[in-house]
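Participant: Residue numbers (my numbering), protein chains in the order written: chain X, 7 to 112; chain A, 186 to 308. Every residue, glycine too, gets a C-beta built ideally from N, C-alpha and C. These numbers were taken from a predicted model, which means no experiment stands behind them. Structure below; questions to follow.
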Amino acid sequence: DIQMTQSPSLLSASVGDRVTLSCKASRNIYNSLAWYQQKLGEAPKVLIYDVSSLRTGIPSRFSGSGSGTDYTLTISSLQPEDVATYFCQKYYSGYTFGAGTKLELK
Amino acid sequence: QVNLQQSGAELVKPGASVKLSCKTSGYTFSSSYMTWFKQIPGQNIEWIGMIYAGDGKTGYNQKFKGKATLTVDTSSSTAFMDLSSLTTEDSAVYFCARRYSDGTHFYGWFAYWGQGTLVTVSS
Numbered sequence: 007d008i009q010m011t012q013s014p015s016l017l018s019a020s021v022g023d024r025v026t027l028s029c030k031a032s033r034n035i036y037n038s039l040a041w042y043q044q045k046l047g048e049a050p051k052v053l054i055y056d057v058s059s060l061r062t063g064i065p066s067r068f069s070g071s072g073s074g075t076d077y078t079l080t081i082s083s084l085q086p087e088d089v090a091t092y093f094c095q096k097y098y099s100g101y102t103f104g105a106g107t108k109l110e111l112k
Numbered sequence: 186q187v188n189l190q191q192s193g194a195e196l197v198k199p200g201a202s203v204k205l206s207c208k209t210s211g212y213t214f215s216s217s218y219m220t221w222f223k224q225i226p227g228q229n230i231e232w233i234g235m236i237y238a239g240d241g242k243t244g245y246n247q248k249f250k251g252k253a254t255l256t257v258d259t260s261s262s263t264a265f266m267d268l269s270s271l272t273t274e275d276s277a278v279y280f281c282a283r284r285y286s287d288g289t290h291f292y293g294w295f296a297y298w299g300q301g302t303l304v305t306v307s308s
């Protein structure tokens with residue numbers, strides 16, 4: 007099975023900061039990667055699919071990049087409403103989520 | 186618009202079973218897949234399995250075989266998940282979710298989610 011490892015598990019940042027979250031696959035997942043935002047008590051919401059495609063309605067401060075085994079979600083200017091846990095999900099050879107990065111305000 | 190409405194929270198005793206529902210609207214249910222996930226609050230999201238509503242064919246995560254049974258009722262556009270022989274380790278939030286489709290293909294990411302059903306297993 008392909009494992010997905012996210013880092014860091016907890017990230018504290020200030021409003022306006024550029025924030026980078028990492029997701030590493032244990033094998034090549036051929037760009038089959040999505041990013042989700044989950045706020046407390048809510049269902050996950052997809053932000054990015056196919057590594058870098060922005061889901062309709064998602065602010066442009068969110069962006070994704072990467073290839074092979076290494077992928078990144080970037081928030082260009084952190085906003086208070088971005089406080090949430092972020093999960094990556096691979097969809098090559100089954101569906102697996104990373105353990106998440108909890109993003110909080112400093 | 187696509188909507189997935191899940192049944193309410195359940196408190197069940199160890200050893201019992203529970204049936205969760207996910208009522209859908211806004212798309213052609215019988216031509217789509219429904220996927221179920223488990224999330225212990227504050228933890229990872231696990232794929233349980235999926236069902237194609239058109240013919241009821243299922244696929245399960247090996248970990249949940251024998252624990253979860255997925256079914257559908259196309260007349261009411263509702264998907265169901267039975268969880269059996271419950272233990273405290275089954276206490277979690279369970280989500281139904283639908284993969285994105287452009288009308289021709291289904292993609293691997295999940296555009297639509299139910300609000301989740303909290304299952305608490307306790308004596």
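(1) Out of X:Phe103, X:Leu111, X:Tyr36 and X:Leu84, which one is the CA nearest neighbour of phenylalanine 93 of chain X?
(2) Can you confirm whether the segment 194-204 of chain A touches the segment 56-75 of chain X when touching is taken to mean that 3 or more C-beta pairs between the two stretches lie within less than 8 Å?
(3) Can you tell me where the beta strand (DSSP E) with serine 69 of chain X in it begins and where it stops?
(4) Could you please tell me which residues of the segment 75-102 of chain X, in chain order, have their CB closer than 9 Å to any CB of chain A?
(5) Just checking: is the beta-carbon of phenylalanine 291 of chain A within a distance shorter than 8 Å of some beta-carbon in chain X?
(6) Of all the options X:Ala105, X:Gln95, X:Thr80 and X:Ile35, which has the alpha carbon lying nearest to the alpha carbon of serine 71 of chain X?
(7) If you follow the beta strand (DSSP E) that isoleucine 144 of chain A is part of, which residue opens it and which one closes it?
(8) For the beta strand (DSSP E) that serine 28 of chain X lies in, which residues bound it at each end?
(9) Which residues does DSSP pair with glutamate 195 of chain A in a beta bridge?
(10) Nearest by alpha-carbon distance to isoleucine 233 of chain A: which of A:Ser286, A:Met219 and A:Leu271 is it?
(11) Show which residues of chain A have a CB atom less than 9 Å away from the CB atom of proline 50 of chain X.
(12) Between the segment 23-43 of chain X and chain A, which residues of the former have a C-beta closer than 7 Å to a C-beta of the latter?
(13) Following the continuous beta strand (DSSP E) through phenylalanine 222 of chain A, name the residue where it begins and the one where it ends.
(14) Measure from the alpha carbon of glutamine 9 of chain X to the alpha carbon of each residue in X:Ala49, X:Cys29, X:Lys112 and X:Ser18, then state which is nearest.
(15) Going by the beta-carbon positions, is the gap between alanine 238 of chain A and serine 270 of chain A smaller than 8 Å?
(16) Strictly under 8 Å for the Cβ-Cβ distance: is glycine 301 of chain A near chain X by that measure?
(17) Going by DSSP, which residues form a beta bridge with serine 210 of chain A?
(18) Spatial neighbours of asparagine 37 of chain X within its chain, please: CB distance less than 7 Å, with the 5 preceding and 5 following residues excluded, ordered by chain position.
(19) By Cβ distance below 6 Å, which residues in the same chain neighbour alanine 201 of chain A in space, the five residues on each side in sequence not counted?
Facilitator: Per the coordinate set shown:
(1) Checking every option, the nearest Cα to that of phenylalanine 93 of chain X belongs to X:Phe103.
(2) Taking 8 Å as the limit for Cβ pairs, the verdict is that the segment 194-204 of chain A does not touch the segment 56-75 of chain X.
(3) First-last of the beta strand (DSSP E) with serine 69 of chain X: 68-73.
(4) Considering only beta carbons, the part of the segment 75-102 of chain X lying closer than 9 Å to chain A consists of Thr91, Phe93, Gln95, Lys96, Tyr97, Tyr98, Gly100, Tyr101 and Thr102, in chain order.
(5) No, phenylalanine 291 of chain A does not count as interfacial toward chain X.
(6) When X:Ala105, X:Gln95, X:Thr80 and X:Ile35 are compared, the shortest CA-CA separation from serine 71 of chain X is found for X:Thr80.
(7) Since the first and last residues shown for chain A are 186 and 308, residue 144 of chain A lies out of range.
(8) Per DSSP, the unbroken beta strand (DSSP E) holding serine 28 of chain X starts and ends at 25-31.
(9) Answer is A:Val304.
(10) Looking from the CA of isoleucine 233 of chain A, the closest CA among A:Ser286, A:Met219 and A:Leu271 belongs to A:Met219.
(11) Chain A residues near proline 50 of chain X: Phe222, Gln224, Ile230, Phe280, Ala282, Phe295 and Trp298.
(12) Per Cβ criterion, the list reads Ser38 and Ala40.
(13) Segment 218-224, the beta strand (DSSP E) holding phenylalanine 222 of chain A.
(14) The residue with the shortest Cα to Cα distance from glutamine 9 of chain X is X:Cys29.
(15) No, Cβ-Cβ distance for alanine 238 of chain A and serine 270 of chain A is not below 8 Å.
(16) Answer yes: the Cβ-Cβ gap between glycine 301 of chain A and chain X drops below 8 Å somewhere.
(17) Its beta-bridge partners are A:Asn188.
(18) In chain order, Asp56, Val57 and Ser73 place their CB closer than 7 Å to the CB of asparagine 37 of chain X, counting only its own chain and leaving out the 5 sequence neighbours on each side.
(19) Once the five neighbours on either side are set aside, the close Cβ partners of alanine 201 of chain A are Leu271.
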